[in-house]
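Trainee: Sharing a structure with you now.
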Amino acid sequence: MRLKKYILFSLILMGLVGGLIYTQTEQTYTLEVLGIPVTLPIAVWVILPMFLMFVASFFHMAYYSFINFMRLKRYKKDYDTLIASFVNALYREPKALQYKSKEAKNLGTVSDASYLIPQHFKIDTKDERLRKVIDTLKDINNGMYVELEGVQLSPKNPILLRNIENRMKEEPTYSGVVLKNCKEYPKELCKKALRIFMDFSDIAKIKEYASLFDIETLIYLIQHVKEEKKSIEYQDILYIIQQAHMDLDGKDYIAIAREIKDVLAPDERLKLFELLKEEDEKSEAAYLYTLLDLEMIEKAREFLETTNEEELQEFKAYLELKECGKNYPLELFV
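Structure (structure tokens):
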């Protein structure tokens with residue numbers, strides 16, 4: 039804009055000077071240039087140096103205007119790159135970006151390797167790109183599912199995982215999609231998806247994801263079956279334990295034995311732990327607990343006779359007290 043004004047006023051000035059001189063004298067002057075005589079009005083000879091100065095200054099100003107334009111363009115591009123870096127940091131997905139200026143690079147190298155975690159979401163920013171990200175994070179933090187269009191987040195990104203959890207709450211059937219892709223997601227998310235999946239699926243469907251179970255999820259399943267009055271068989275529980283390759287200890291087996299009391303029939307409870315004790319000796323205490331809970335005293339005593347003297351001391355003490363007429367609750371001994 040300034041360059042246009044300079045051109046305009048320069049032309050006006052040359053026109054005024056030339057016009058003023060021409061009104062005073064219309065004489066001509068001849069100047070030999072490279073042996074060629076050039077005859078022009080005196081007014082033209084006066085404004086000719088002005089014109090040459092104008093042309094030289096015009097190119098000088100145009101050159102530096104172009105330099106400033108390129109510099110501003112570079113800063114604008116760096117600004118956009120910094121905004122992209124902040125967006126990545128807010129989404130906790132930082133990545134290295136390229137910067138043109140040293141100043142932007144000094145700032146960008148920090149944000150490219152950092153997370154930005156807002157302490158609150160009442161941030162007054164005028165940049166629409168940052169505003170959109172902050173609003174998205176606010177909604178996700180408030181438990182809403184947000185469609186992340188054009189945003190590429192890694193499967194273990196905490197914001198993505200929170201958004202998936204929100205979606206499963208709004209749309210429980212989406213848990214099935216998560217379970218089918220559990221190799222991509224952390225174990226904790228898959229456990230949450232499995233629990234949600236249990237709420238609307240039968241045991242046959244649930245068993246398809248037996249390999250994802252751990253002791254907490256198995257206990258949750260048994261409790262869920264009891265609360266919802268669904269059906270489950272001992273073969274189902276055995277299958278899940280085997281497919282999940284659970285590393286269970288004695289307390290875990292006892293926990294299972296306690297939970298299945300209101301879910302399985304007595305003979306199924308006994309059958310389950312008869313099979314388990316053949317596979318894992320750590321389940322022997324739970325087998326014995328089941329026998330005593332079912333008042334199968336003789337069978338329990340026979341089993342204890344096959345164990346070493348220092349094993350299962352608590353149950354031996356329970357039977358000795360029972361023989362002496364002392365009827366204490368079995369739960370005190372497990």
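FYI, the numbering for the sequence shown is 39 to 372, going by the numbering used here. Where a beta carbon is used, it is the ideal one built from N, C-alpha and C, also for glycine.
Quick one, which of L58, A81, P87 has its alpha-carbon nearest T66's?
Mentor: A81
Trainee: Around the C-beta of E347, are 16 or more other C-beta atoms found within 10 angstroms, so that it is buried, or is it exposed?
Mentor: The residue is exposed, with fewer than 16 neighbouring Cβ atoms inside 10 Å.
Trainee: Keeping to the same chain, check which residues put their C-beta closer than 7 Å to that of S213; ignore five residues upstream and five downstream.
Mentor: Taking S213 as the centre and dropping the five residues before and after it, the same chain places the C-beta of M206, A231, I234, F235 closer than 7 Å to its C-beta, in chain order.
Trainee: Between the alpha carbons of R52 and R40, how many angstroms are there, rounded?
Mentor: The residue asked about is misnamed: residue 52 is Met in this sequence, not Arg. Near 18 Å, if we compare the C-alpha coordinates of R40 and M52.
Trainee: Under a Cβ-count criterion, where at least 16 other Cβ atoms within 10 Å of its own Cβ denotes burial, should F353 be classed as buried or exposed?
Mentor: F353 comes out buried.
Trainee: In chain order, what are the residue ranges of uninterrupted alpha helix (DSSP H) at least 4 long that sit wholly in the region 237-306?
Mentor: 241-244, 253-266, 272-282, 288-297
Trainee: Short of 6 Å in beta carbon distance, which residues of its chain neighbour H262, apart from the five on each side in sequence? Order them along the chain.
Mentor: M236
Trainee: For the candidate residues F92, D252, S139, whose alpha-carbon lies nearest to that of K114?
Mentor: S139
Trainee: If you reduce the DSSP assignment to three classes, tell me which class P196 lands in.
Mentor: helix
Trainee: Which of the three DSSP states, helix, strand or coil, is assigned to T147?
Mentor: Assignment of T147 by DSSP, reduced to helix, strand and coil, places it in the helix class.
Trainee: In or out: A303 buried (at least 16 other Cβ within 10 Å) or exposed?
Mentor: exposed
Trainee: Could you check where the alpha helix (DSSP H) with Q351 kicks off and where it finishes?
Mentor: Its alpha helix (DSSP H) spans residues 351-361.
Trainee: Let me know if K164 comes out buried or exposed under the rule of 16 or more other beta-carbons within 10 Å of its beta-carbon.
Mentor: exposed
Trainee: Any contact between the region 126-135 and the region 151-166? By contact I mean 3 or more CB pairs, one from each, below 8 Å.
Mentor: yes
Trainee: What's the C-alpha gap between C220 and L191?
Mentor: 16 Å
Trainee: Please go through the same chain and pick out, in chain order, the residues whose beta-carbon is closer than 7 Å to the beta-carbon of I292, but skip the five residues on each side of it.
Mentor: Within the same chain, I292 has close Cβ partners A323, A324, Y327, V372.
Trainee: Tell me the DSSP secondary structure of P75 in three-state form.
Mentor: strand
Trainee: Given 8 Å as the limit, is there contact between the region 117-127 and the region 91-100, that is, 3 or more CB pairs closer than that?
Mentor: no
Trainee: What are the complete alpha helix (DSSP H) segments, minimum 4 residues, inside the region 115-180?
Mentor: 140-149, 166-179
Trainee: Could you give the C-beta distance for N201 and I178, rounded to a whole number, given that I count them as a contact under 8 Å?
Mentor: 5 Å
Trainee: How would you call D285, buried or exposed, if buried means at least 16 neighbouring beta carbons within 10 angstroms?
Mentor: Classification of D285: exposed, given that the 10 Å Cβ count is below 16.
Trainee: How would you call F311, buried or exposed, if buried means at least 16 neighbouring beta carbons within 10 angstroms?
Mentor: buried
Trainee: Just to confirm my understanding: we take Y60, look at its own chain, exclude 5 residues before and 5 after, and list those with CB closer than 6 Å. What are they?
Mentor: A81
Trainee: For Y277, collect the residues of the same chain with a Cβ closer than 7 Å to its Cβ; drop the 5 residues on either side in sequence, then sort them by chain order.
Mentor: Only K245, A248 meet the Cβ criterion.
Trainee: How would you label V301, buried or exposed, when you count the other beta carbons within 10 angstroms and need 16 or more for buried?
Mentor: buried
Trainee: Is the beta carbon of Y356 closer than 8 Å to that of L330?
Mentor: Cβ distance < 8 Å, so L330 and Y356 count as in contact.
Trainee: For K309, which residues of its own chain have a beta-carbon under 7 Å away from its beta-carbon, when the five flanking residues on both sides are left out?
Mentor: Y272
Trainee: Using beta-carbon positions only, say whether V55 and I85 come within less than 8 Å of one another.
Mentor: yes
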